[in-house]
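Once you know that position 205 of the sequence shown is 205 in this note's numbering, the rest is easy, because the numbers rise by one and skip nothing.
One structure is given below, encoded as structure tokens.
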Amino acid sequence: MTGFGSEAQTMSLVAFIAVTTVTLLLCVMTGPDREDLDEFYTGYRSLTPMQSGLAIAGDYISAASVLGTIGVISLVGQDGLVLALSTALSLVLLMFLLAEPLRNAGRFTMGDVLTRRTPSPAVRITACIVTLLALFPLLIFQLAGAGDLLAFVLGMDSPGFKTVSIVLLGLLMIIYAAIGGMKGTAFIQIVKTVVLLAAAVAIASLILNRFDFSIPSLLDAAAAGSGLGDAYLAPGLQFGGDGLDMISAQLTVVLGAACLPHITMRMFSSRSAPAVRRSMSWAVSTVVVMAVLSAVIGFGAAAIVGHQQISAGDPQGKISILLVSQAIMGTEVSTFETLLFTAMATAIFLTLLASVAGITLACANTLAHDLITHGLRRKQALRDSTEMTVARATAAAVGLAAILLAAASRHVNLQAMVTLSFCLGASAVAPALVYSLFWRRYNRTGLLSTLIGGTLSVVILITGTTLVSGSPQAIFPDDDFTWFPYTTTGLVSIPAGFLAGWLGTVAGRNSARARQQQEYAYEAVEASILADAARPPGQ
């Protein structure tokens with residue numbers, strides 16, 4: 001049982017139902033009203049920079065990042081704070097390096113960006129496969145954790161209730177993605193971001209008030225509550241003092257989070273290059289504020305709840321935010337405090353819904369646009385109306401597959417799934433985007449080598465980490481076949497992805513004429529990719 005009052009549980013249930021009703025209505029009202037690809041995939045780029053920025057931040061502030069980051073801060077202190085800052089730094093990297101070129105080069109999906117210079121069904125199909133491999137594990141992780149979270153809040157521990165929760169949330173995410181399209185899911189992300197920030201500000205303010213708004217007092221109490229003393233505020237605790245493992249994790253987060261396909265697809269919905277710059281400014285500001293609030297809440301959980309109770313509730317600390325929300329109420333709970341807890345629980349619930357809907361949409365888009373329309377149908381592409389029908393059908397297929405896998409694996413620790421997604425983003429997607437956008441000699445062989453080489457290096461290396469076996473947090477905790485010394489693969493797989501692209505490009509240049517043709521192909525699109533001007537008609 002959660003220990004939460006029955007009044008708080010009842011209000012949370014009512015709030016969940018209300019939020020579901022409102023978001024469904026919002027999705028129907030803002031979704032595409034006709035069979036138009038641009039409306040479904042980009043919402044006609046009708047969002048203002050502020051709206052687009054909040055939607056990008058909403059995709060970035062996923063349930064996994066909010067719950068996971070606060071949990072890590074509450075359990076291991078400074079390492080969790082570094083993780084939060086690395087996440088914010090990742091979005092800064094996207095803002096200054098990739099956002100505008102992505103917006104100029106792409107149309108609907110990552111496959112559009114990668115085939116701008118090297119049109120090829122093989123590239124489309126490979127891009128689709130890599131997108132699914134990068135996003136589907138993250139989708140399963142978040143959906144599987146949703147059942148446990150709802151059961152925890154509502155005090156219903158039965159396996160049947162958790163399974164039903166996963167199924168219901170999965171059906172909702174299918175509806176959001178299939179009906180709302182880009183614009184509908186964007187507005188859900190906006191609502192989620194505003195609600196989450198408001199609830200986090202309220203909780204963080206109450207925590208700081210408990211310590212007279214003294215940060216040193218909060219940190220001292222957190223160190224004492226952690227049971228680790230001064231080590232809690234020192235770096236390296238999460239990685240056992242292994243500096244290389246910490247560097248590997250930070251590299252993976254900085255490069256991986258910025259390049260996951262459900263994040264990059266938001267760039268395509270901006271009206272122009274100046275608009276995407278303003279959107280990213282809003283997104284960065286929002287994520288930085290959330291990172292600061294996460295740090296306060298995480299340290300507050302360690303100080304007020306304590307390590308023992310957090311670990312008893314969840315070994316990864318994913319319920320820290322709810323535990324500290326309940327703890328600051330005290331024994332005599334006022335109506336305001338009940339409402340506050342309900343708001344935080346609702347914000348987390350909405351975060352789960354919005355996160356899985358955005359990922360589902362990205363998976364459906366690449367299946368419909370990259371694989372079916374342009375990958376498998378080489379002679380004649382689908383009509384717009386048919387492609388929209390296919391996109392909605394693939395959203396249902398992706399959602400149903402995720403529901404089945406999440407329900408079947410909800411009793412397994414799936415932290416390796418999140419790590420796999422970020423490692424693929426950093427090792428396969430990031431090198432492919434950087435080379436495609438900025439290296440004039442990059443060719444089709446190099447692009448395929450990057451995507452395949454980076455993906456294979458991650459998949460092979462992650463099987464040897466302690467997230468798969470040999471630790472209590474592993475998928476197979478009772479077995480031990482670890483052979484890779486780090487918890488993330490980034491330190492090896494990121495250089496491997498870039499090296500594979502370089503080697504493939506060098507090997508693919510068969511003659512001086514071929515090299516010259518490749519450079520001409522890049523020069524033909526370079527101005528439109530790197531220019532600040534608005535997208536030409538038809539792009």
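Ideal Cβ placement from N, Cα and C applies to all residues, glycine included.
Touching or not, the stretch 119-138 and the stretch 287-295, by the rule of three or more beta carbon pairs under 8 Å?
No: the two stretches stay apart, fewer than three of their Cβ pairs being nearer than 8 Å.
Any contact between the stretch 146-158 and the stretch 459-470? By contact I mean 3 or more CB pairs, one from each, below 8 Å.
No, because fewer than three Cβ pairs between the stretch 146-158 and the stretch 459-470 fall closer than 8 Å, the two stretches do not touch.
By alpha-carbon positions, which one of A407, A18, A406 and M173 ends up nearest to A357?
Against the sequence shown, residue 357 aligns to sequence position 357. Nearest option by C-alpha distance: M173.
Please identify the residue among L138, L97, L91 and T193 whose C-alpha is closest to the C-alpha of L350.
Residue mapping note: residue 350 aligns to position 350 of the sequence shown, counting from 1. Among L138, L97, L91 and T193, the Cα nearest to that of L350 belongs to T193.
Would you call the stretch 169-187 in contact with the stretch 437-454, where contact means no fewer than 3 C-beta pairs closer than 8 Å?
The stretch 169-187, when compared against the stretch 437-454, does not touch it at the 8 Å Cβ threshold.
Quick check: does the Cβ of T466 come within less than 7 Å of any heavy atom belonging to the ligand FMN?
Among the ligands in the structure shown, none appear at all, so the ligand FMN cannot be discussed.
Can you name, in chain order, every residue of its own chain whose Cβ lies under 8 Å from the Cβ of C259, other than the five neighbours on each side?
On the sequence shown, residue 259 is found 259 positions in, with the first residue counted as 1. Cβ within range, chain order: L94, L98, G425, A426, V429, A430 and L433.
Inspect the CB distances between the stretch 65-81 and the stretch 236-246 and report whether three or more fall short of 8 Å.
The stretch 65-81, when compared against the stretch 236-246, does touch it at the 8 Å Cβ threshold.
Let me know if W483 comes out buried or exposed under the rule of 16 or more other beta-carbons within 10 Å of its beta-carbon.
As a position in the sequence shown, residue 483 is number 483, starting the count at 1. So W483 counts as exposed.
Quick one, are the C-beta atoms of L102 and T264 less than 8 Å apart?
In the sequence shown, counting from the first residue as 1, residue 102 sits at position 102. In the sequence shown, counting from the first residue as 1, residue 264 sits at position 264. In this structure, T264 lies closer than 8 Å to L102 by Cβ.
For F484, does the three-state DSSP call read helix, strand or coil?
Stepping through the sequence shown from its first residue, residue 484 is reached at position 484. Residue state, collapsed to three classes: coil.
If you run the structure through DSSP and keep just helix, strand and coil, what is S120?
As a position in the sequence shown, residue 120 is number 120, starting the count at 1. Correct three-state label for S120: coil.
DSSP three-state call for D79: helix, strand or coil?
Sequence index remark: in the sequence shown, residue 79 carries index 79 (1-based). The answer is helix: DSSP assigns D79 an H, G or I state.
Which one or two residues does DSSP pair with S469 in a beta bridge?
Taking the first residue of the sequence shown as position 1, residue 469 is located at position 469. Paired residue(s): F476.
What's the gap between the Cα of D384 and the Cα of N104?
Numbered from its first residue, the sequence shown carries residue 384 at position 384. Numbered from its first residue, the sequence shown carries residue 104 at position 104. If I take the Cα positions, the gap works out to 22 Å.
Please list the terminal residues of the continuous alpha helix (DSSP H) segment that includes A393.
Translated into positions along the sequence shown, residue 393 becomes position 393. Run containing A393: D384 to S409, per the alpha helix (DSSP H) assignment.
Closer than 7 Å by C-beta to H262: which residues in its own chain qualify, once you throw out the five before and the five after it? Chain order, please.
Taking the first residue of the sequence shown as 1, we reach residue 262 at position 262. So the list reads D59, L135, G358, I359 and A362, once near-sequence residues are dropped.
Should A408 be labelled buried (16 or more other beta-carbon atoms within 10 Å of its own) or exposed?
Locating residue 408 in the sequence shown gives position 408, where the first residue counts as 1. Flag for A408 reads exposed.
If C423 and T487 are in contact, beta carbons under 8 Å, what's the gap, nearest whole angstrom?
The count along the sequence shown starts at 1 and reaches residue 423 at position 423. The count along the sequence shown starts at 1 and reaches residue 487 at position 487. Going by Cβ atoms, the distance from C423 to T487 rounds to 10 Å, so no, they are not a contact pair.
Work out the CA separation of M156 and A57 for me, nearest whole Å.
Position 57 of the sequence shown holds residue 57. Position 156 of the sequence shown holds residue 156. One C-alpha to the other measures close to 32 Å.
To the nearest angstrom, report how far apart G313 and G306 are at their CA atoms.
As a first step, residue 313 must be located in the sequence shown, where it is residue number 313. As a first step, residue 306 must be located in the sequence shown, where it is residue number 306. Taking the straight line joining both Cα atoms gives about 11 Å.
Give the C-beta separation of S74 and G317 to the nearest angstrom, bearing in mind that I take them to be a contact with Cβ-Cβ under 8 Å.
By one-based count along the sequence shown, residue 74 stands at place 74. By one-based count along the sequence shown, residue 317 stands at place 317. S74 to G317, Cβ: 5 Å. Contact.
Kindly list the residues whose CB is nearer than 6 Å to the CB of A534, restricted to its own chain and excluding five residues on each side of it in sequence; keep chain order.
As a working mapping, residue 534 is identified with position 534 in the sequence shown. Here the model assigns A534 a pLDDT of 41, short of 50, so the residue's position is not dependable and the matter cannot be decided.
On the criterion of 16 or more Cβ atoms from any shown chain inside 10 Å, does S12 qualify as buried, or is it exposed?
Counted from its first residue, the sequence shown places residue 12 at position 12. Per the 10 Å Cβ criterion, buried.
Quick one: any contact between the stretch 15-23 and the stretch 339-354, if contact means 3 or more CB pairs under 8 Å?
In short, these stretches touch, since the Cβ pair count reaches three.
Would you give the residue range spanned by the alpha helix (DSSP H) that F498 belongs to?
The sequence position of residue 498 within the sequence shown is 498, counting from 1. Element bounds for F498: G490 to G508.
My parser needs the beta strand (DSSP E) runs of 3 or more residues fully inside the stretch 199-253; what are they?
DSSP runs (the beta strand (DSSP E)) wholly in the stretch 199-253: none.
State buried or exposed for M29, treating a residue as buried only when at least 16 other CB atoms are found within 10 Å of its CB.
To locate residue 29, count along the sequence shown from 1; it is residue 29. Exposed, because fewer than 16 other Cβ atoms sit within 10 Å of the Cβ of M29.
Determine the burial state of L114: buried for a count of at least 16 other Cβ atoms within 10 Å of its Cβ, exposed for fewer.
If you number the sequence shown from 1, residue 114 lands on position 114. L114 should be labelled buried.
Using a Cβ-Cβ cut-off of 7 Å (strictly less than) and excluding sequence neighbours within five positions of F476, which residues of its own chain qualify?
As a working note, residue 476 is residue 476 in the sequence shown. Closer than 7 Å at the Cβ level, and outside the excluded window around F476, lie V468 and S469.
Among A249, Q189 and L323, which one has its Cα closest to the Cα of A283?
Position 283 of the sequence shown holds residue 283. Answer by Cα proximity: Q189.
Excluding five sequence neighbours on each side, which residues of the same chain lie with their C-beta closer than 8 Å to the C-beta of P495?
Indexing the sequence shown from 1 puts residue 495 at position 495. The answer is none, since no qualifying residue turns up.
Can you tell which of L353, V458 and A249 has its C-alpha closest to the C-alpha of L83?
Here residue 83 is taken as the residue at index 83 of the sequence shown, counted from 1. When only C-alpha atoms are compared, the closest one is A249.
Taking the CB atoms as reference points, tell me whether A275 and P49 lie closer together than 8 Å.
Taking the first residue of the sequence shown as 1, we reach residue 275 at position 275. Taking the first residue of the sequence shown as 1, we reach residue 49 at position 49. Yes, the Cβ-Cβ distance between A275 and P49 is below 8 Å.
Which runs of the alpha helix (DSSP H) fall wholly inside the stretch 40-116 and span at least 4 residues, in chain order?
Runs found: 49-60, 63-76, 78-93, 99-105 and 110-114.
Which of helix, strand or coil does DSSP assign to R441?
The count along the sequence shown starts at 1 and reaches residue 441 at position 441. Looking at R441 - three-state DSSP - the assignment turns out to be coil, as it is neither helix nor strand.
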